[in-house]
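Those protein sequences? They're chains A and B, same order as listed.
Numbering-wise, my numbering puts 1049 at position 2 of the first sequence, and it's gapless, one number per residue.
Numbering-wise, my numbering puts 45 at position 34 of the second sequence, and it's gapless, one number per residue.
Here is the structure we will look at.
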Amino acid sequence: MTYDPSPDVVEVIRQPSPNPAQSVYRAFGETLRGLKTTFMRIPEGTATIQYPEEKTPVYPRFRGRHKLHRFEDTGLEKCVGCSLCAAACPADCIRVVAAENTPEHRVSAGERYAAVYEINLSRCIFCGYCEVACPFDAITMGHDYEMSDYTRSDLIFTKEMLLAEPIERTPLRREGE
Amino acid sequence: MTLFADAYFFEPWWIQIVKALVIFVVVLIVIPILTVYERKLMGRLQSRYGPNRVGPFGLLQPLAEIVKFATKEPFKPHTSVALIYRIAPMIALLTGIAALAIIPFGDVQHIGSQRVGLYGIDVSIGPLYVFAFAGIAFYGVMLGGWASGSKYAFLGSMRTAAQLISYEVSQSLSLIGVVITAGSLSLTRIVHAQAGMWYIVPQFAGFLVFFVASLAEINRPPFDLVEADAELVAGFNTEYGGTPFVSYLFAEYMNMIVVSAIATTCFLGGWLIPGNPHVPGWVDPLVVIVKMLLFVTLFIWIRFTLPRLRYDQLMSFGWKILLPLATLNVLVTAIIVGS
Chain A
1048 MTYDPSPDVV EVIRQPSPNP AQSVYRAFGE TLRGLKTTFM RIPEGTATIQ
1098 YPEEKTPVYP RFRGRHKLHR FEDTGLEKCV GCSLCAAACP ADCIRVVAAE
1148 NTPEHRVSAG ERYAAVYEIN LSRCIFCGYC EVACPFDAIT MGHDYEMSDY
1198 TRSDLIFTKE MLLAEPIERT PLRREGE
Chain B
12 MTLFADAYFF EPWWIQIVKA LVIFVVVLIV IPILTVYERK LMGRLQSRYG
62 PNRVGPFGLL QPLAEIVKFA TKEPFKPHTS VALIYRIAPM IALLTGIAAL
112 AIIPFGDVQH IGSQRVGLYG IDVSIGPLYV FAFAGIAFYG VMLGGWASGS
162 KYAFLGSMRT AAQLISYEVS QSLSLIGVVI TAGSLSLTRI VHAQAGMWYI
212 VPQFAGFLVF FVASLAEINR PPFDLVEADA ELVAGFNTEY GGTPFVSYLF
262 AEYMNMIVVS AIATTCFLGG WLIPGNPHVP GWVDPLVVIV KMLLFVTLFI
312 WIRFTLPRLR YDQLMSFGWK ILLPLATLNV LVTAIIVGS
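Given below as structure tokens:
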């Protein structure tokens, strides 16, 4: 059977081959243009961020490690142990055990407080639903992204760790950066 | 009767040995510096730093790499031909070093009571000697690929063979123009003949051909079809690792130094400075090294600019453009010099 290209086979139209002298001239010119392009990178300087010494700045709405908050005036925790964040969490990484506030032992502003508040960061997907679910803005997503550790149990962050200020602050991106 | 070639100038045997050691040691020290220079420059050309972690400014990077390579397990594929598999990298390295022997780094100097030529030896066959060793270096690559006992390594070495043979022709022809103009094959005499004008001006076509053919000869991009690390299997050194692999790497950089030195000697006037000011003798090697560095920088710059050629383009470029150009250059030079 002979090969019969069907009528819908498109004939490729190529540009006419340039004359040799012209193409040599063009290749030479393009070569020099390429050399100029790479050379101009030197005066421009480098775009590298030297990571461990210098951190990549993040946007204000960057979703990093969670933070728990206190009221600034009274110092009481905002979290009332309602477990809405745990309910909203798609990765099921938040564990809340609530306890009643007593007049002698007052931890939060509401009726109850979170006796245990743990986030398993090795499960967390940083979706930010906990932040959305929280009725008191007690939990927000911070800016820290350096959370690697050597054991899995070290990645379960307790309430004290989440309440504490981060040791090293992650730089924020400046306007227009 | 001379057996191989005349030596125009030579010293007592002990100076010869000292000179050989100095040249050898200096070049072997220069090569690691060259690798770090290449990587720093390539970083800058790509808007990044390059290695900067090991030692001050990353200058100890090659040391770390040598330690890394040297501590690798020596291995060989069970299909390989053991003896040749081991010898091939040494051939590649030794030929590169041998070619250094005739590179002139300066004129004859008076050191103490001795007259010392700042080169290994001044022979009457200069460029021929270099090309002879380039021809043997090709065995290092070829045998290495074959003795690995691997199909891909063998295919890679065939690829290398085709490329090296094609470009060796144009490379040698492009130097003939220089030899005709200078009227001598001795590299020091070629340099002395350039006192009036460096040969890059009258032999510009020859220079271009030599430069491009050299890029192909030393397997630098855009002619690095030999390795073609991005698209093909690594070529003849597929089965090599550890120190034998470093030998090949060293050989490559050694060839780069040799080619830069030949280009400096034959086209940029060796140790001569424009205007021929009277300078003390110790400046000569510095001048040569600066000019060589110029070529090395150009090689690196081109490496990170131009994309690799396709194989058919490589062949047609070598045979259809470079070779006619080199031949024409020789003919025109011969006619002008002869008339």
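All C-beta atoms in this analysis are idealised placements derived from N, C-alpha and C, irrespective of residue type, glycine included.
Which residues in chain A sit within 8 Å of residue i, going by Cβ to Cβ distance?
{"i": "Y48 of chain B", "result": "The premise fails here: Y48 of chain B is roughly 14 Å from chain A at the closest Cβ pair, so nothing lies under 8 Å."}
{"i": "R59 of chain B", "result": "T1093, A1094, T1095"}
Compute the beta-carbon to beta-carbon distance between residue i and residue j, rounded to the nearest angstrom, for a pair I have assumed lies under 8 Å.
{"i": "A227 of chain B", "j": "G156 of chain B", "result": "Not a contact, Cβ separation roughly 18 Å."}
{"i": "V47 of chain B", "j": "P23 of chain B", "result": "Contact flag wrong, Cβ pair sits at about 37 Å."}
{"i": "V269 of chain B", "j": "A112 of chain B", "result": "With a Cβ gap of about 10 Å, V269 of chain B and A112 of chain B do not count as contacting."}
{"i": "L1082 of chain A", "j": "T316 of chain B", "result": "5 Å"}
{"i": "F234 of chain B", "j": "S271 of chain B", "result": "That belief does not hold up - the Cβ atoms of F234 of chain B and S271 of chain B are roughly 16 Å apart, past 8 Å."}
{"i": "K1206 of chain A", "j": "A1161 of chain A", "result": "6 Å"}
{"i": "R1112 of chain A", "j": "L1168 of chain A", "result": "7 Å"}
{"i": "P232 of chain B", "j": "R314 of chain B", "result": "4 Å"}
{"i": "D240 of chain B", "j": "V134 of chain B", "result": "Contact flag wrong, Cβ pair sits at about 37 Å."}
{"i": "S58 of chain B", "j": "R1088 of chain A", "result": "5 Å"}
{"i": "C1129 of chain A", "j": "C1171 of chain A", "result": "Not quite, the Cβ-Cβ distance comes to about 19 Å (not below 8 Å), so this is no contact."}
Could you work out which residues of chain B lie near residue i, taking near to mean beta carbons separated by less than 9 Å?
{"i": "I1096 of chain A", "result": "Residues of chain B passing the Cβ test: none, with the nearest at roughly 10 Å."}
{"i": "F1086 of chain A", "result": "L56, W312, T316"}
Over the uninterrupted beta strand (DSSP E) stretch that includes residue i, give me the two end residues.
{"i": "H89 of chain B", "result": "Run containing H89 of chain B: none; DSSP gives neither H nor E here."}
{"i": "V1163 of chain A", "result": "1159-1167"}
{"i": "L1115 of chain A", "result": "1113-1115"}
{"i": "T344 of chain B", "result": "Where T344 of chain B is concerned, there is no enclosing beta strand (DSSP E), although the alpha helix (DSSP H) it sits in stretches over 334-349."}
{"i": "T1187 of chain A", "result": "1186-1188"}
{"i": "Y19 of chain B", "result": "18-20"}
{"i": "A1146 of chain A", "result": "1141-1147"}
Note the first and the last residue of the continuous alpha helix (DSSP H) segment covering residue i.
{"i": "M303 of chain B", "result": "294-314"}
{"i": "E1091 of chain A", "result": "1088-1091"}
{"i": "R200 of chain B", "result": "198-204"}
{"i": "V220 of chain B", "result": "215-228"}
{"i": "V1179 of chain A", "result": "1176-1180"}
{"i": "A1134 of chain A", "result": "1131-1135"}
{"i": "D1120 of chain A", "result": "Segment: none, D1120 of chain A is in no alpha helix (DSSP H) and carries neither H nor E."}
{"i": "Q324 of chain B", "result": "322-327"}
{"i": "M1208 of chain A", "result": "1206-1210"}
Please compile the residues from chain B whose C-beta is within a distance smaller than 8 Å of the C-beta of residue i.
{"i": "I1089 of chain A", "result": "R55, L56"}
- Task: Please list the residues of the segment 1110-1128 of chain A that have a C-beta atom closer than 9 Å to any C-beta atom in chain B, keeping them in chain order.
- Result: Taking 9 Å as the cut-off between beta carbons, none of the residues of the segment 1110-1128 of chain A comes near chain B.
- Item | Entirely enclosed alpha helix (DSSP H) segments - the segment 31-81 of chain B, minimum 4 residues | Runs found: 72-81.
- Task: Pull out every residue of the segment 1069-1086 of chain A whose Cβ sits closer than 8 Å to any Cβ of chain B, in chain order.
- Result: Those would be V1071, T1078, G1081, L1082, T1084, T1085, F1086, in chain order.
- Message: To test your reading of the DSSP string, which unbroken alpha helix (DSSP H) runs of 4 or more residues are found completely within the segment 107-173 of chain B?
- Response: Fully enclosed alpha helix (DSSP H) runs of 4 or longer: 137-158.
- What runs of the alpha helix (DSSP H), each 4 residues or longer, lie entirely inside the segment 244-286 of chain B? The qualifying runs are 253-278.
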